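First the structure, in the form of structure tokens, and then the observations on it.
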Amino acid sequence: MTRRYSALSLFREGLGGHRGWQPAWRKADPRPAYDAIIVGGGGHGLATAYYLAKNHGITRVAVLERGWVGGGNTGRNTTVVRSNYFYPESVALYDLALRLYEGLSRELNYNIMLSQRGMLIAAHTPMQMEICTRIANAMQLNGVDGALMSAEEAMRRVPLLNRSEDARYRCMGGIWQGRAGVARHDAVAWAYARAASGLGIDIIENCAVTDLLIEGGRVTGVETSRGTIRAERVGLAAAGATPGLAARAGVTLPIHTYALQAFVSEPVKPCLDTVLLYLGTGTYVSQSDKGELVVGGGLDRVPTHGQRGNLPAQETVLSGLLEMFPAFGQLKLLRQWAGVVDVVPDSSPVIGPTAVEGLYLNCGWGTGGFKAIPAGGWLLAHLLARGEHHEISRPFGLDRFVTGRLIDEAAGSGIAH
Amino acid sequence: MQRFQCPFCGLRDETEFHFATEAGKSRPEPAEEVTDAEWAAYLHLNDALKGQAREVWVHLTCGEYFLMTRDTLTREVSGSEALPGRAS
Ligand SMILES: Cc1cc2nc3c(=O)[nH]c(=O)nc-3n(C[C@H](O)[C@H](O)[C@H](O)COP(=O)(O)OP(=O)(O)OC[C@H]3O[C@@H](n4cnc5c(N)ncnc54)[C@H](O)[C@@H]3O)c2cc1C
Ligand SMILES: [Zn+2]
Chain A
122 MTRRYSALSL FREGLGGHRG WQPAWRKADP RPAYDAIIVG GGGHGLATAY
172 YLAKNHGITR VAVLERGWVG GGNTGRNTTV VRSNYFYPES VALYDLALRL
222 YEGLSRELNY NIMLSQRGML IAAHTPMQME ICTRIANAMQ LNGVDGALMS
272 AEEAMRRVPL LNRSEDARYR CMGGIWQGRA GVARHDAVAW AYARAASGLG
322 IDIIENCAVT DLLIEGGRVT GVETSRGTIR AERVGLAAAG ATPGLAARAG
372 VTLPIHTYAL QAFVSEPVKP CLDTVLLYLG TGTYVSQSDK GELVVGGGLD
422 RVPTHGQRGN LPAQETVLSG LLEMFPAFGQ LKLLRQWAGV VDVVPDSSPV
472 IGPTAVEGLY LNCGWGTGGF KAIPAGGWLL AHLLARGEHH EISRPFGLDR
522 FVTGRLIDEA AGSGIAH
Chain B
96 MQRFQCPFCG LRDETEFHFA TEAGKSRPEP AEEVTDAEWA AYLHLNDALK
146 GQAREVWVHL TCGEYFLMTR DTLTREVSGS EALPGRAS
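Chains as they are written, first to last, in the numbering used here: chain A, 122 to 538; chain B, 96 to 183.
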């Protein structure tokens with residue numbers, strides 16, 4: 122029976138015909154009651170479960186997932202991780218995530234294939250270069266690695282960039298973050314599920330939460346497709362499905378849901394070894410280990426709950442790609458898909474309590490929550506365990522919409538993934 | 096490309112339209128009696144539910160705001176009408 126992953130266990134299993142591998146996590150059936158329930162088995166829900174056990178010793182916990190683990194946005198995103206945000210509150214949050222990511226493969230004994238290949242946010246006008254200078258300065262003041270990159274350096278690093286004299290969006294340089302990169306999205310979900318399950322937490326798939334039970338202003342459990350489950354503490358980490366769930370408790374959220382699409386090309390030889398985002402077109406791209414180009418861009422502009430994209434957004438993203446890299450015009454696309462993302466007016470997440478006692482939120486990640494999974498889990502676990510904010514999550518509560526202290530990263534860092 | 100019905104111009108490409116807000120909100124008045132929480136709710140809170148929705152959209156080309164009834168899951172549009180008090 123092999124539980125720990127290592128070169129030695131791989132070798133040993135190889136000799137035995139690979140018959141001794143254990144499932145990565147137990148298929149648990151719901152028990153009648155838990156100390157805490159987490160709704161949503163995406164990265165944020167699973168990381169919450171893991172940190173509840175590891176940081177707070179709370180293991181009578183269930184993660185309820187209506188489909189399969191990582192089948193939501195966690196398994197649909199373009200896997201860019203970075204912490205090059207503008208406001209100190211955001212940097213504290215996203216850099217906590219990146220620091221945790223940096224040690225995660227080792228900590229969870231699971232290769233999440235973190236590849237810190239760096240990310241260039243490319244500018245195309247003198248005005249954009251000025252904005253980039255401002256953001257790079259903010260990053261340095263916030264203690265995060267980030268620097269301005271010249272056009273020559275950008276062209277040297279990314280030789281296939283459009284160099285034509287009459288390019289509509291010629292690269293004038295941009296912001297570089299060397300610690301940014303990509304990680305394997307499924308592995309992040311599976312690694313947290315395995316680690317949480319190993320610490321005694323029940324991961325329950327095919328279990329849809331249909332209602333929240335509220336008595337005297339506090340949460341007492343959930344109604345599910347597999348029966349009633351009781352708990353005094355419930356965390357919602359259901360991305361685009363969160364508004365519908367919160368509504369069951371009478372909580373209305375500052376969220377609109379939109380489809381965000383991604384595209385994958387046929388595999389080609391290595392030709393792009395960083396992540397590239399064009400400010401001019403909003404398109405970004407990286408190359409996967411298999412050689413495919415993984416491409417994303419802006420939201421579809423029609424609010425929706427349907428997990429599929431529309432054609433105008435595809436056209437915008439792909440024409441942006443060809444403007445960046447004319448050579449990619451020869452490639453065929455293999456796949457295209459979309460996820461329903463939970464967008465908040467200031468493009469920052471919502472982490473915090475609700476008006477219902479015992480009910481906590483981790484949502485509003487919109488187009489950029491993959492990079493934040495370790496931090497989102499860490500902070501929701503803290504809220505569930507202690508009933509109060511961690512210093513890092515405090516600015517991200519729902520109360521900011523009343524006080525007006527928004528953390529407007531859409532304006533601050535021209536948000537993209 | 097989906098096409099939406101502008102009550103003033105007829106069927107047009109979706110790219111000519113912009114979502115404004117969910118329908119049914121009314122601005123809290125008088126201003127001096129409105130609490131921060133009421134104002135925040137008016138500005139920011141939405142239902143964002145799956146299924147039938149009534150929304151205010153703007154047809155960017157003619158600049159008119161109007162009401163659209165549609166399904167947020169299937170994207171099927173079932174109605175499009177001028178705002179009360181605006182003849183189409
Ligand atoms: C195309 C695309 C590209 C993206 N690119 C990036 C990127 O490059 N970098 C980045 O940082 N972020 C990116 N994102 C955003 C990122 O994917 C999300 O912010 C992040 O994965 C959210 O994680 P989550 O755990 O909150 O949500 P999810 O992974 O969506 O998990 C929520 C889970 O809740 C479950 N659920 C819903 N309702 C119920 C219910 N009633 N009962 C039980 N379970 C329920 C769902 O099935 C789902 O599995 C991208 C998103 C998309 C769609
Ligand atoms: Zn019109």
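Even glycine gets a Cβ: it sits at the ideal position worked out from N, Cα and C.
All figures in this text were calculated on a predicted structure; none of them were measured in a lab.
message: Does any residue of chain B have a CB that is nearer than 8 angstroms to the CB of A/P516?
response: no
message: Could you compute how far the alpha carbon of B/L144 sits from the alpha carbon of A/I159?
response: 21 angstroms
- request: Could you check which residue in A/W486, A/R507, A/L519, A/A506 has the C-alpha nearest to that of A/L214?
  value: A/W486
message: Please list the terminal residues of the continuous alpha helix (DSSP H) segment that includes A/M250.
response: 247–262
query: If you draw a straight line from the alpha carbon of A/A128 to that of A/L221, how long is it in whole angstroms?
result: About 23 angstroms.
- prompt: Which residues, in chain order, does the region 155–170 of chain B contribute to contact with chain A at a C-beta distance below 8 angstroms?
  reply: Cβ contacts with chain A come from T167, L168, T169, R170.
query: Run through DSSP, which three-state label would B/T110 get?
result: helix
- prompt: Which first and last residues belong to the beta strand (DSSP E) in which A/V415 is found?
  reply: It spans 414–424 - the beta strand (DSSP E) in which A/V415 sits, taken as one unbroken run.
task: Using a cut-off of 7 angstroms between C-beta atoms, extract the partners of A/P466 located in chain B.
output: H139
- prompt: What are the partner residues of A/T195, as DSSP defines its beta bridges?
  reply: In DSSP, A/T195 forms no bridge with anything.
- prompt: In the structure shown, what three-state DSSP assignment does A/H139 receive?
  reply: coil
- prompt: Going along the chain, which residues put their C-beta within less than 6 angstroms of some heavy atom in ligand 2?
  reply: B/C101, B/F103, B/C104, B/H154, B/T156, B/C157, B/E159
query: In three-state DSSP terms, what is B/H154?
result: strand
field: Continuous beta strand (DSSP E) stretch holding A/G508: start and end
entry: Boundaries for A/G508: no beta strand (DSSP E) harbours it, and the DSSP string shows neither H nor E there.
field: Simplified DSSP state of A/F95, which is helix, strand or coil
entry: Any answer about residue 95 of chain A is impossible in this case: the structure gives chain A only from 122 up to 538.
field: Beta-carbon separation (whole angstroms), A/P388 vs A/L374, contact threshold 8 angstroms
entry: About 40 angstroms separates the two Cβ atoms, so there is no contact after all.
- prompt: Who are the neighbours of B/Q100 on chain A, taking C-beta pairs under 9 angstroms?
  reply: None at all; the shortest Cβ gap to chain A is about 14 angstroms.
Proximity winner among B/T130, B/A148, B/S121, B/L168, relative to B/S175 (alpha-carbon distances): B/S175 has its Cα closest to that of B/A148, out of B/T130, B/A148, B/S121, B/L168.
query: The beta strand (DSSP E) with B/D166 in it runs from where to where?
result: 159–166
- request: Determine the burial state of A/T441: buried for a count of at least 16 other Cβ atoms within 10 Å of its Cβ, exposed for fewer.
  value: Per the sequence shown, the amino acid found at residue 441 of chain A is Gly instead of Thr. By the 10 Å Cβ count, A/G441 comes out buried.
- prompt: Would you call the region 332–350 of chain A and the region 139–158 of chain A touching, i.e. three or more CB-CB distances under 8 angstroms?
  reply: yes
query: Are there 16 or more other CB atoms within 10 angstroms of the CB of A/M248, so buried, or fewer, so exposed?
result: It is exposed - the Cβ of A/M248 has fewer than 16 other Cβ atoms within 10 Å.
- prompt: Just checking my contact of B/F161 with B/L140 at CB under 8 angstroms: how many whole Å lie between their CB atoms?
  reply: Rounded, the Cβ-Cβ distance is 22 angstroms, inconsistent with contact.
task: Kindly indicate if chain B contains any beta-carbon less than 8 angstroms away from that of A/I376.
output: yes
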